[in-house]
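K.L.:
Each residue of the sequence shown is one higher than the one before, counting from 1 in the working numbering.
We put the CB at the ideal spot given by N, CA and C, even for glycine.
As the structure is a prediction and not an experimental result, all values here were calculated from the model.
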Amino acid sequence: MEKSRRKIIESKRIVIKIGTSSLMQANGRVNYQQFDRLAFVLSTLNQGDKEIILVSSGAIGVGLNKLALHQRPQTISQQQAVAAVGQSELMNLYSRFFAHYQQTVGQILMTRDIVEFPTSHQNVVNTLETLLAMKIIPVVNENDTVAVDELAHATKFGDNDQLSAIVAEICQADLLIMLSDVAGFYDKNPAENPDAVLYATIHEVTDALMAKAGGQGSIFGTGGMLTKLKAAKRILANGQGMVLAQAQDPALLFNILAGEKIGTYFIGANTEGGVGDE
Ligand code: ADP
Numbered sequence: 001m002e003k004s005r006r007k008i009i010e011s012k013r014i015v016i017k018i019g020t021s022s023l024m025q026a027n028g029r030v031n032y033q034q035f036d037r038l039a040f041v042l043s044t045l046n047q048g049d050k051e052i053i054l055v056s057s058g059a060i061g062v063g064l065n066k067l068a069l070h071q072r073p074q075t076i077s078q079q080q081a082v083a084a085v086g087q088s089e090l091m092n093l094y095s096r097f098f099a100h101y102q103q104t105v106g107q108i109l110m111t112r113d114i115v116e117f118p119t120s121h122q123n124v125v126n127t128l129e130t131l132l133a134m135k136i137i138p139v140v141n142e143n144d145t146v147a148v149d150e151l152a153h154a155t156k157f158g159d160n161d162q163l164s165a166i167v168a169e170i171c172q173a174d175l176l177i178m179l180s181d182v183a184g185f186y187d188k189n190p191a192e193n194p195d196a197v198l199y200a201t202i203h204e205v206t207d208a209l210m211a212k213a214g215g216q217g218s219i220f221g222t223g224g225m226l227t228k229l230k231a232a233k234r235i236l237a238n239g240q241g242m243v244l245a246q247a248q249d250p251a252l253l254f255n256i257l258a259g260e261k262i263g264t265y266f267i268g269a270n271t272e273g274g275v276g277d278e
């Protein structure tokens with residue numbers, strides 16, 4: 001086994017991020033199989049020796065489906081209305097699917113100002129820690145109703161890739177696993193280049209690497225790989241690790257956490273256990 005992946009096996013507190021494209025079917029309907037598999041895998045891990053925090057997008061996707069809309073509305077307030085419907089439906093789905101596996105979940109909605117305001121920051125930390133101590137899986141998303149940027153008061157995280165890196169930071173997670181519709185980070189966009197080569201390990205997010213991140217892959221996709229690399233940069237700056245892997249079969253998480261060489265592992269070269277045979 002790759003030496004550096006030992007750190008993954010030992011990780012206890014893990015943030016998992018999943019994007020809308022991995023929760024919805026291509027036709028815009030909810031992918032129930034995916035919710036069920038995710039609930040099964042995360043419940044099993046959380047009821048073992050791991051502490052799981054889920055960062056989930058999907059409020060708008062689920063909201064569009066619930067309201068039988070075929071495309072995102074134009075105005076911000078209309079999008080916020082769709083997200084308001086979708087967020088409660090999203091949590092309803094998680095609550096029901098996790099209940100099959102005797103797992104309780106709790107909703108945490110955040111805005112970016114928790115990064116700047118120490119009291120708000122501390123309240124989020126306290127809530128997360130208390131949920132984890134109660135063996136409840138926190139399900140985190142941005143508070144879309146409040147998150148509109150004003151001058152001198154930034155409330156938007158930008159995207160859930162950043163949000164997941166910030167969550168990993170504030171709860172001092174051992175690992176962030178970002179699930180996407182690709183198997184990891186390639187030397188060029190695999191959707192357009194069949195000969196693209198997957199990176200197994202990345203120690204530093206350089207500008208040269210950023211230049212290899214092409215556009216988004218699916219209609220639900222948000223930032224493509226750029227936002228994922230920016231999140232990885234933050235993770236590395238904090239001396240943490242991140243795995244970018246395919247969301248298609250959440251059971252892959254068992255293999256990742258067993259140290260198998262899956263996806264792209266971002267780990268600092270100077271981080272303990274960070275230098276391995278690549
Ligand atoms: P998600 O919805 O899971 O957050 P996105 O659709 O925003 O994911 O981004 C993933 C997409 O990024 C992939 O489907 C792929 O087409 C595209 N992409 C662009 N450049 C790369 C690259 N260098 N390596 C991997 N994927 C890339």
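If you draw a straight line from the alpha carbon of Lys261 to that of Ile235, how long is it in whole angstroms?
P.N.:
Roughly 20 angstroms between the two C-alpha positions.
K.L.:
Can you list, in chain order, the residues of its chain with a C-beta nearer than 7 angstroms to that of Pro73? Leave out the 5 residues immediately preceding and following it.
P.N.:
If we look at Pro73 and ignore the five residues flanking it on each side, its Cβ neighbours are Gln79 and Val82.
K.L.:
Kindly provide the ranges of any alpha helix (DSSP H) runs that are 4 or more residues long and lie completely inside the stretch 5 to 42, ordered along the chain.
P.N.:
Counting whole runs of 4 or more residues, the stretch 5 to 42 contains the alpha helix (DSSP H) stretches 6 to 10.
K.L.:
Closer than 8 angstroms by C-beta to Asn126: which residues in its own chain qualify, once you throw out the five before and the five after it? Chain order, please.
P.N.:
Cβ neighbours of Asn126 beyond the five flanking positions: none.
K.L.:
Considering only DSSP beta bridges, list what Ala245 is partnered with.
P.N.:
Answer by DSSP bridge pairing, in chain order: Leu179.
K.L.:
Among the candidates Asp174, Asp187 and Gly224, whose CA atom is the shortest distance from the CA of Val243?
P.N.:
Answer by Cα proximity: Asp174.
K.L.:
Measuring straight from C-alpha to C-alpha, what distance separates Ala213 and Ser56?
P.N.:
Their backbone Cα atoms lie some 22 angstroms apart in a straight line.
K.L.:
Under the criterion of a Cβ to heavy atom distance below 6 angstroms, does Asp181 qualify as lining the ligand ADP?
P.N.:
Yes, the Cβ of Asp181 comes within 6 angstroms of a heavy atom of the ligand ADP.
K.L.:
If you draw a straight line from the C-alpha of Thr280 to the C-alpha of Ile170, how long is it?
P.N.:
Coverage of the chain is limited to positions 1 through 278, which leaves residue 280 absent and any answer about it impossible.
K.L.:
Just the C-alpha distance for Val197 and Glu129, rounded to the nearest angstrom, thanks.
P.N.:
The straight-line gap from Cα to Cα measures roughly 39 angstroms.
K.L.:
Got a sec, what are the start and stop residues for the beta strand (DSSP E) Pro138 sits in?
P.N.:
Element bounds for Pro138: Ile137 to Glu142.
K.L.:
CB Leu38 to CB Pro190, shorter than 7 angstroms?
P.N.:
Their beta carbons are not under 7 angstroms apart, which means Leu38 does not touch Pro190 by this criterion.
K.L.:
Which whole-angstrom value describes the C-beta separation of Tyr265 and Ser4, a residue pair presumed to lie in contact below a C-beta threshold of 8 angstroms?
P.N.:
Going by Cβ atoms, the distance from Tyr265 to Ser4 rounds to 7 angstroms, so yes, they are a contact pair.
K.L.:
Verify the contact flag: Lys212, CB atom, against every heavy atom of the ligand ADP, threshold strictly below 6 angstroms.
P.N.:
Yes.
K.L.:
For Glu142, count neighbouring C-beta atoms within 10 Å of its own C-beta (all shown protein chains included) and say buried if the count is 16 or more, exposed if not.
P.N.:
With 16 or more other Cβ atoms within 10 Å, it is buried.
K.L.:
Quick one: residues in its chain with C-beta nearer than 7 angstroms to the C-beta of Gly239, no 5 flanking neighbours on either side, listed in chain order?
P.N.:
Hits under 7 angstroms: Gly268 and Thr271.
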